[in-house]
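K.L.:
Just dropping this structure here.
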Amino acid sequence: MPYKIESAPNGAKFDSKALFKLSYGLFVLTARDGKKDNGCIINTATQLTSSPCRIAITVNKQNYTHDMIAKTDAFNLSVLSEEAPFKVFEHFGFQSGKNVDKFAGCETENRTANGILYVPKFTNAVISCAVVATVDCGTHTMFIADVCDTVILSDAPSMTYQYYFDNVKPKPAAKADAPKKGYVCKICGYVYEGEELPEDFVCPICKHGAEDFEPIK
Ligand code: FE
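Residue 118 in numbering that gives the first Met the number 0 sits at position 119 of the sequence shown, and the numbers go up by one each step.
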């Protein structure tokens, strides 16, 4: 019996929130260029094929890790588990490797065979990849890559974007001195003050776009 759609979306208003219904994981993406190590948070990793074992990631061009992967064609994905606290997202997501060494002070170096660091804690697997193709997606680059190595680190469930929003990201506190007009980044809490948020606005803290901002109520 064919599946019947009860109400066709034809003519319905475009609602970008429909995209929130897609499910995503969360990952620390790491790369190495010479002696420089860096990593950032991404939510865009998808397996493309099993044979060859191939995945795709998309990375914002403003991320330092983006340039390192474009140059070296290699990266690791550390798959965050539900055990990951907010500080992991702050550390890898809300500051730039252009300004800080995110791996400074690490007592032990955890590297895979490709020489790239991975995150051994609050993760459940590491996937090492070699880039085979890139696609320019405007604000982002898609890196299509062969999986070279994999390691399972724990049995903890993978962190999803929804789990992060529901259980990890701190709820914004109401501030008496909050601006009356503006937009707040739903990812990191950065506040943009102004009547209108430019469509091409990118959060200076976490690099998410205008679609991840909501008006201050
Ligand atoms: Fe942000």
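Note that CB positions come from ideal geometry on N, CA and C, so glycine has one too. From a predicted model like this one, the values you see are computed outputs, not experimental measurements.
1. Just to confirm, are VAL167 and GLU213 a CB contact at a threshold of 8 Å?
2. Here's the rule: buried if 16 or more other CB atoms are within 10 angstroms of the residue's CB, otherwise exposed. What is ALA132?
3. Does the region 85 to 94 touch the region 135 to 153, meaning 3 or more C-beta pairs lie closer than 8 Å?
4. For ASN109, collect the residues of the same chain with a Cβ closer than 8 Å to its Cβ; drop the 5 residues on either side in sequence, then sort them by chain order.
5. Using a Cβ-based criterion (distance less than 7 Å to any ligand heavy atom), does TYR189 qualify as near ligand 1?
6. Compare the C-alpha of ALA144 against each of ILE215, GLY181, PRO51 and name the closest.
7. Can you name the start and end residues of the alpha helix (DSSP H) that PHE88 belongs to?
8. Verify the contact flag: CYS39, CB atom, against every heavy atom of ligand 1, threshold strictly below 7 Å.
9. Return the chain-ordered ranges of every beta strand (DSSP E) run that is complete within the region 50 to 74 and spans a minimum of 3 residues.
10. Could you spell out the range, first to last residue, of the beta strand (DSSP E) harbouring GLU213?
11. Please name the residue in ILE40, LEU76, ASP66 whose C-alpha comes closest to that of TYR160.
12. Report yes if the CB atom of MET158 is closer than 8 Å to the CB atom of GLU81, and no otherwise.
13. Going by alpha carbons, who is nearest to THR64 out of GLU210, LYS216, LYS206?
14. Which residue comes first and which comes last in the beta strand (DSSP E) that contains HIS139?
15. Assign LEU79 to one of two classes, buried (16 or more other C-beta atoms within 10 Å of its C-beta) or exposed (fewer than that).
16. Using the three-state DSSP reduction, which class does SER22 fall into: helix, strand or coil?
17. CB GLU210 to CB SER15, shorter than 8 Å?
18. When DSSP labels each residue in this structure, what does TYR160 get in the three-state scheme?
19. Is the beta carbon of ILE215 within less than 7 Å of some heavy atom of ligand 1?
P.N.:
Reading off the structure:
1. Residue numbering aside, residue 167 sits at position 168 when the sequence shown is read from its first letter. Residue numbering aside, residue 213 sits at position 214 when the sequence shown is read from its first letter. Against a cut-off of 8 Å, the Cβ pair of GLU213 and VAL167 comes out as no contact.
2. Counting from 1 along the sequence shown, the entry for residue 132 is found at position 133. Exposed: under 16 other Cβ atoms inside 10 Å.
3. The answer is no - the region 85 to 94 does not touch the region 135 to 153, with fewer than three Cβ pairs under 8 Å.
4. The residue you call residue 109 lines up with position 110 of the sequence shown. Taken in chain order, the residues that qualify are LEU116, TYR117, VAL118, PRO119.
5. Mapped onto the sequence shown, residue 189 falls at position 190. When distances are taken from the beta-carbon of TYR189 to the heavy atoms of ligand 1, the shortest one is below 7 Å.
6. Along the sequence shown, read from residue 1 onward, the residue named residue 144 stands at position 145. PRO51 is the residue among ILE215, GLY181, PRO51 whose C-alpha sits nearest the C-alpha of ALA144.
7. Indexing the sequence shown from 1 puts residue 88 at position 89. Counting along the chain, the alpha helix (DSSP H) containing PHE88 begins and ends at 85 to 92.
8. Your numbering for residue 39 matches position 40 in the sequence shown. The answer is no for CYS39.
9. If only complete runs of 3 or more residues are kept, the region 50 to 74 shows the beta strand (DSSP E) at 53 to 59, in order along the chain.
10. The residue given as residue 213 occupies position 214 in the sequence shown. Bounds of the beta strand (DSSP E) holding GLU213 are 212 to 214.
11. Within the sequence shown, the letter at position 161 stands for residue 160. Taking only the C-alpha atoms, the option nearest TYR160 is ILE40.
12. Position 159 of the sequence shown, counting from 1, holds the residue named residue 158. Position 82 of the sequence shown, counting from 1, holds the residue named residue 81. Contact: yes.
13. One-based indexing of the sequence shown puts residue 64 at position 65. Check the Cα spacing between THR64 and each of GLU210, LYS216, LYS206: the tightest is with LYS206.
14. Here residue 139 refers to the residue found at position 140 of the sequence shown. For HIS139, the uninterrupted beta strand (DSSP E) segment begins and ends at 139 to 151.
15. For the purposes of this step, residue 79 is identified with residue 80 of the sequence shown, where counting begins at 1. Per the 10 Å Cβ criterion, buried.
16. Counted from its first residue, the sequence shown places residue 22 at position 23. DSSP places SER22 in coil when its eight states are reduced to three.
17. For the purposes of this step, residue 210 is taken as the residue at position 211 of the sequence shown. For the purposes of this step, residue 15 is taken as the residue at position 16 of the sequence shown. Between GLU210 and SER15, the C-beta spacing is below 8 Å.
18. The residue labelled residue 160 in the question sits at position 161 within the sequence shown. Note: TYR160 maps to helix in three-state DSSP.
19. Start at 1 with the first residue of the sequence shown, and residue 215 comes out as number 216. Flag unset: Cβ of ILE215 not near ligand 1.
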